[in-house]
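Here's the structure, in structure tokens; my notes come after.
In the numbering used here, the protein residues as written are 431 to 621.
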């Protein structure tokens, strides 16, 4: 049985790993990555949120409800990791609007875990029509409907050993790197 680490525990494990593998300078090497992710954004994230590119469900809803946030797209779609609800947003940032796409409320297949109470994000290309804005209340309703629908599936789901291993590797590097390692058979003996 695997225990899901809290954000604080995840940061602690990651920092211990960096210090062990990279020496005492390992932790210092992580700081510029955290700072780089946070620079120039009107979307303000905590250190943990920056480090893992994830926020909690309530915090995500607060971002959406903020008057500075515009919602440009909200739809169920797929990526390399599964089917999720993708929500593209923007906020003013100096001379232009910064665009972020959040995704959650779906089964992350390699992790073999439902994303019900968390959202990942990535910086989006400025290709979205900035003048296209969706009704916030309608998007919030769509989010809650999707969440209610997947909570039933998520409640009885048990993460597999393979999913737990993938998640551990992804937290130490990133999802793309962990997926490549597993596809290359790097950890076949552990499963």
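The C-beta atom is built at its ideal place from N, Cα and C for all residues, glycine as well.
Per the DSSP calculation, residue 544 is bridged to which residue(s)? Within the chain shown, residue 544 is the residue found at index 114, counting from 1. In the DSSP secondary-structure assignment, residue 544 is bridged to 537.
Nearest-angstrom Cα distance between residue 573 and residue 607? Residue mapping note: residue 573 aligns to position 143 of the chain shown, counting from 1. Residue mapping note: residue 607 aligns to position 177 of the chain shown, counting from 1. Looking at the backbone, the Cα of residue 573 and that of residue 607 are separated by about 30 Å.
Rounded to whole angstroms, what's the CA-CA distance from residue 547 to residue 566? Just pull it up for me. Locating residue 547 in the chain shown gives position 117, counting from the first residue. Locating residue 566 in the chain shown gives position 136, counting from the first residue. Cα to Cα, the separation comes out at about 19 Å.
Is it the case that the Cβ atoms of residue 483 and residue 544 are separated by a distance below 8 Å? Locating residue 483 in the chain shown gives position 53, counting from the first residue. Locating residue 544 in the chain shown gives position 114, counting from the first residue. No; because the gap between Cβ atoms is not below 8 Å, this pair is not in contact.
If residue 490 sits next to residue 571, beta carbons under 8 Å apart, how far is it from one beta carbon to the other, in whole angstroms? Here the question's residue 490 lines up with position 60 in the chain shown. Here the question's residue 571 lines up with position 141 in the chain shown. Contact doesn't hold; Cβ gap of about 15 Å is too wide.
In or out: residue 614 buried (at least 16 other Cβ within 10 Å) or exposed? In the chain shown, the residue the question calls residue 614 occupies position 184. Only exposed fits residue 614, as fewer than 16 other CB atoms lie within 10 angstroms of its CB.
Starting from residue 512, trace the beta strand (DSSP E) both ways and give me its first and last residue. For the purposes of this step, residue 512 is identified with residue 82 of the chain shown, where counting begins at 1. 512–523 is the span of the beta strand (DSSP E), which, as asked, contains residue 512.
Can you give me the start and stop residues for the beta strand (DSSP E) that residue 506 sits inside? Here residue 506 corresponds to residue number 76 of the chain shown, with the count starting at 1. Here the beta strand (DSSP E) through residue 506 covers 500–509.
Spatial neighbours of residue 599 within its chain, please: C-beta separation below 7 Å, excluding the five flanking residues on both sides. Residue mapping note: residue 599 aligns to position 169 of the chain shown, counting from 1. 608 and 611.
Go ahead and label residue 540 buried or exposed: buried means 16 or more other beta carbons lie within 10 angstroms of its beta carbon, across all protein chains shown. Translated into positions along the chain shown, residue 540 becomes position 110. It is buried - the Cβ of residue 540 has at least 16 other Cβ atoms within 10 Å.
Relative to the C-alpha of residue 583, which candidate in 497, 536, 561 and 601 has its C-alpha closest? Along the chain shown, one-based indexing puts residue 583 at 153. Minimum Cα distance to residue 583 is reached at 536.
What is the DSSP secondary structure of residue 607, reduced to helix, strand or coil? To locate residue 607, count along the chain shown from 1; it is residue 177. It is helical.
Relative to the alpha-carbon of residue 519, which residue among 510, 530 and 534 has its alpha-carbon at the smallest distance? Taking the first residue of the chain shown as 1, we reach residue 519 at position 89. For residue 519, the nearest C-alpha among the options comes from 530.
Boundaries (first-last residue) of the beta strand (DSSP E) holding residue 497: Within the chain shown, the letter at position 67 stands for residue 497. That residue, residue 497, is in no beta strand (DSSP E); it is neither H nor E in DSSP.
Per-residue burial, residue 510 [other beta carbons within 10 Å of its own, 16 or more giving buried]: Walking along the chain shown from the start, residue 510 turns up at place 80. So residue 510 counts as exposed.
May I have the straight-line CA-CA distance separating residue 508 from residue 515, to the nearest angstrom? As a working mapping, residue 508 is identified with position 78 in the chain shown. As a working mapping, residue 515 is identified with position 85 in the chain shown. Looking at the two C-alpha atoms, the distance is approximately 8 Å.
Straight-line Cα distance separating residue 603 from residue 470: Along the chain shown, read from residue 1 onward, the residue named residue 470 stands at position 40. Along the chain shown, read from residue 1 onward, the residue named residue 603 stands at position 173. Per-residue confidence for residue 470 stands at a pLDDT of 45, beneath the threshold of 50, marking its modelled position as unreliable; no derived number is given.
Name the residue from 485, 605, 579 and 618 whose alpha carbon lies nearest to the alpha carbon of residue 591. Looking up residue 591 in the chain shown gives position 161. Put simply, of 485, 605, 579 and 618 the residue whose alpha carbon is nearest the alpha carbon of residue 591 is 618.
Who are the Cβ neighbours of residue 468 in its own chain at under 7 Å, not counting the five residues just before and after it? On the chain shown, residue 468 is found 38 positions in, with the first residue counted as 1. Note that residue 468 has pLDDT 43, beneath the 50 cutoff, so the model's placement of it is unreliable and the number below is only indicative. Counting only Cβ-Cβ distances below 7 Å, and skipping sequence neighbours, we find 475 and 480.
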